[in-house]
């Protein structure tokens with residue numbers, strides 16, 4: 277069999293290919309929105325919008341307390357002939373997330389004056405910031421539906437729901453209010469309502485994959501989901517803070533202009549993570565399925581997946597390094613000054629990607645506590661590095677902190693993986 281035929285008949289490669297296309301579509305749409313923001317707004321105003329996006333993403337993630345990770349794990353392990361059981365898990369997850377989201381919306385409203393002073397430098401209207409709190413509920417709806425589709429192995433649909441639908445909603449509202457979105461910070465409210473719109477659309481997308489009927493096995497209650505999701509929560513928290521703590525610290529130590537510069541460099545570097553996310557959406561459910569139902573193929577599948585991740589991300593990183601100046605120039609001339617920051621962040625994201633499949637095995641083998649410890653240690657390293665480096669080196673210091681932390685994270689995860697032999701060679705008869 278020729279190499280081309282092997283590639284065509286490899287379901288992992290084919291699924292990954294379509295997932296990457298879907299992810300790239302979402303990236304392109306998000307970049308279109310970001311380019312409009314950077315070209316139509318002053319750099320400080322762009323910094324305000326980017327910081328708001330960061331807060332909505334981060335606070336909503338914390339409010340999910342790991343439920344999204346649990347949904348993937350639970351749904352992917354349920355046999356295909358039990359769709360009602362999968363649906364019941366999603367509906368009970370909705371109930372739990374409604375409660376946690378409302379709680380965090382209340383905290384958001386209370387903390388808004390401090391957030392405005394500390395991170396937005398009083399350059400956002402307080403009422404607009406408070407109103408943005410409603411985006412938490414709908415952002416959680418988007419993410420939950422996306423992860424449910426991921427658990428169903430609908431990786432392309434999952435990626436489109438999580439990335440493309442919010443971007444399309446935002447671009448749609450910008451187009452409607454094109455003549456006035458730059459005035460009086462209307463763009464802030466447009467972002468909030470775009471998340472609301474995207475959340476509603478995500479429900480319609482997931483509806484065809486639901487089957488509401490009585491289940492022979494009682495589904496986990498919201499309280500049971502809460503209990504089971506908590507051990508997975510630090511993984512999500514740490515992953516977010518590892519990506520975005522630098523931007524938060526830049527906002528704390530520097531001005532909105534630097535926030536915009538760093539955010540653009542980070543967004544470009546995250547192109548590689550979008551590819552990684554596409555591979556994640558493809559590999560993780562299949563790795564779970566192989567582990568539970570086809571154990572004799574686990575070793576081969578794991579190393580195939582690991583090689584696929586490293587080769588794909590290396591190619592993406594080198595490509596983006598070559599075109600780094602042009603990528604920054606697309607946002608505006610002012611953003612080219614962030615070139616060195618972008619170079620450092622690209623290498624940082626590559627090193628982060630190398631430990632993806634190893635991290636999956638910690639979850640699958642129920643050794644999550646080791647992974648949580650490593651993530652917490654990495655977060656501490658990141659915080660200390662940022663506090664030391666940002667005041668001295670500015671946004672490049674934040675990028676150096678990210679690179680240092682990601683190298684520490686990947687090396688430590690692989691070492692613990694090997695020490696605990698999480699991928700035994702013993703074949704199951």
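Residue numbers (the numbering used here): 277 to 705.
Even glycine gets a Cβ: it sits at the ideal position worked out from N, Cα and C.
Computed from a prediction, not measured in an experiment: that's the story for all the values here.
| Item | Value |
| --- | --- |
| Three-state secondary structure assigned by DSSP to residue 648 | helix |
| Beta-carbon proximity check, residue 445 vs residue 470, cutoff 8 Å | yes |
| Residue 679 classed as buried or exposed, judged by whether at least 16 other C-beta atoms fall within 10 angstroms | buried |
| Inter-stretch contact at 8 Å, needing at least 3 Cβ pairs: the region 558-573 / the region 518-536 | no |
| DSSP three-state assignment for residue 429, whether helix, strand or coil | coil |
| At least 3 beta-carbon pairs within less than 8 Å: the region 683-695 vs the region 549-556 | no |
| Cβ shell of residue 477 (< 6 Å), same chain only, five flanking positions each side left out | 441 |
| Cβ-Cβ separation, residue 527 to residue 327 (assumed contact under 8 Å), whole Å | 6 Å |
| Residue 454 (DSSP reduced to helix, strand or coil) | coil |
| Residue span of the alpha helix (DSSP H) that contains residue 389, given as start and end | 359-395 |
| Segment contact, 8 Å Cβ cut-off, at least three pairs: the region 618-628 with the region 544-553 | yes |
| Between the CA atoms of residue 343 and residue 502 - distance to the nearest angstrom | 7 Å |
| Beta-carbon gap between residue 306 and residue 394 smaller than 8 Å | no |
| At least three beta-carbon pairs within less than 8 Å, the region 457-472 to the region 402-413 | yes |
| Contact between the region 453-462 and the region 375-386 (3+ Cβ pairs under 8 Å) | no |
| contact_flag[the region 577-586, the region 624-640] where n(CB pairs < 8 Å) is 3 or more | yes |
| CA-to-CA distance, residue 332 to residue 410, given in whole angstroms | 9 Å |
| Rounded straight-line distance, which links the Cα of residue 317 to that of residue 299 | 27 Å |
| Range of the contiguous alpha helix (DSSP H) that encloses residue 534 | 532-569 |
| Straight-line Cα distance separating residue 664 from residue 670 | 10 Å |
| Residue range of the alpha helix (DSSP H) that includes residue 696 | Neither: residue 696 is in no alpha helix (DSSP H) and is coded neither H nor E. |
| Limits of the alpha helix (DSSP H) - the one that residue 619 falls within | 615-629 |
| Pick from 601, 699, 496, 372 that is closest to residue 643, judged by C-alpha positions | 699 |
| Inter-residue Cα distance where the pair is residue 414 and residue 315 | 28 Å |
| Closer than 8 Å to chain C by CB, residue 428 | Of the protein chains in this structure there is only one, and it is not chain C. |
| Whole-angstrom distance between residue 591 and residue 377, CA atom to CA atom | 39 Å |
| Cβ-based neighbour list, residue 710, same chain, cut-off 8 Å, excluding 5 preceding and 5 following | Residue 710 lies beyond the stretch modelled for the chain, which goes from 277 to 705, so this question has no answer here. |
| Member of 320, 339, 381 whose CA lies at the smallest distance from the CA of residue 512 | 339 |
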